[in-house]
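Numbering (this note's numbering), first residue to last: 389 to 670.
For each residue, glycine too, the CB sits at the ideal point set by N, CA and C.
On a predicted model such as this, the values are computed, not experimentally measured, just so you know.
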DNA sequence: CTCCAGGTTCCGG
DNA sequence: CCGGAACATGGA
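In C-alpha cells:
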C-alpha cells in the first residue's frame, strides 16, 4: 500500500471501532478494513500515528474526529466513581463522524438486536444493495443509498433477516429519497428540532434519534438511553429507588452529564457492557 | 428449551 | 401520561 502517516494523539482505534457506535469494520492483518462513505479504507494504528492510504488523510482525520478535544471532553465529565471508572476504561475512545444516512439506517435495524447481529445485517445490506468498491484485492461495499433501498420491496429486506424492521427501513429510505425528510437541512436545526424531525421516520423513536444525532450529526450532547444505559442510570444514579420513570431518567441525563453528554454516555455504555457482562454468567 | 438483545408503536386505564 | 404487549431473528 502506498501509505501515509497521520498524527493521532489520544486515540484508540480498536476501542473506537469496537465500542458499538459503528458496525461494519473488520480486522485485516494488523489493522482494520472498512468504508468511509464510498471510500475504501485500511487503517492501522502504530503508537500515536495512523497508517492509512496516501491521499486519505483529510477524510480519515474528519471521520475519526481526531480534531475533537478529547482531554477537554473527558475533563468535562462529572466526577463520580462510575464515570471515572468508565473514563479510565475507555481512554482514547472517540465519537466518530459517520455519514448521516448510514448511521440512521443501521440504528433503525438495531432495535432489539445484539451488536454482533447489527453488524451482520449491515454487511448483508451492503453486499446486496451497496456500491462495490475495491482495495488491494479486497472487495468492499458502501452502505446502500436511500434511493437504492427505496425501490426495493419489503420482502427484499426481510430476506436480509431484518424481521419487522424491514418495513421501517424501507419507509425511512422512501421518505428521504422523496425529500420528505431533508438530511441536508439539519445543519440549521438545534438538537431538539433535529430530533423531532428524525422521529418522523418510521422506526425512529427517542433512542434511535439520539444515536443518529450523536453518531451521525455530531450532536455530542445527545444521550441515547438503551437497555444498558437504563440499567446504569437506575443502579448507579438512582440506587434502591422504585418507580423512577423513563422521563425522569431523560431529564437527569440531559443535564447531569454536561455539554459532552453523548461522549459520557458512550463511555458508560461500553464500560457497562464489557464489565457487567450478563448477570447470570457473573 | 428459555431468555434476551443499543426499541418503536399502539392500546387500555 | 403510564405500563404492557406485539413485533422477528439469532446467539447464549
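### Query
What residues match up with residue 516 in a beta bridge as DSSP calls it?
Its beta-bridge partners do not exist; DSSP assigns none.
### Task
Let me know if residue 390 comes out buried or exposed under the rule of 16 or more other beta-carbons within 10 Å of its beta-carbon.
exposed
### Query
Looking at the structure shown, is residue 654 part of a helix, part of a strand, or coil, going by DSSP?
helix
### Task
Please look up how many angstroms separate the CB atoms of residue 447 and residue 438, rounded, as I've assumed it's under 8 Å.
Between residue 438 and residue 447 the Cβ distance is about 12 Å, and since that is not below 8 Å, they are no contact.
### Query
Does DSSP classify residue 425 as helix, strand or coil?
coil
### Task
Verify whether the separation of the beta carbon atoms of residue 471 and residue 465 is less than 7 Å.
yes
### Query
Between residue 552 and residue 479, what straight-line distance do the alpha-carbon atoms span, to the nearest angstrom?
37 Å
### Task
Identify the continuous alpha helix (DSSP H) that holds residue 527 and give its terminal residues.
Unbroken run through residue 527 is the beta strand (DSSP E), 526-529; no alpha helix (DSSP H).
### Query
What are the boundary residues of the alpha helix (DSSP H) that residue 445 is part of?
445-451
### Task
Spell out the partners DSSP gives residue 510 in its beta bridges.
Partner(s): none; residue 510 has no beta bridge.
### Query
Is any heavy atom of the ligand ATP found at a distance shorter than 6 Å from the C-beta of residue 445?
For the ligand ATP, the structure offers nothing, since it holds no ligand at all.
### Query
Under the three-state reduction of DSSP, which class applies to residue 534: helix, strand or coil?
helix
### Task
Would you mind reading off the limits of the beta strand (DSSP E) that contains residue 395?
391-395
#### Entry: Residue span of the beta strand (DSSP E) that contains residue 467, given as start and end
Segment: none, residue 467 is in no beta strand (DSSP E) and carries neither H nor E.
### Task
Assign residue 609 to one of three DSSP states: helix, strand, or coil.
coil
### Task
Decide if the stretch 603-618 is in contact with the stretch 482-502; the criterion is three or more beta carbon pairs, one per stretch, under 8 Å apart.
yes
### Query
Based on the DSSP output, what are the partners of residue 439 in its beta bridges?
393 and 432
### Query
residue 566 to residue 536, Cα distance in whole Å?
12 Å
### Task
Excluding the 5 residues preceding and the 5 following residue 648 in the sequence, name in chain order all residues of the same chain whose CB lies nearer than 6 Å to its CB.
461, 464 and 608
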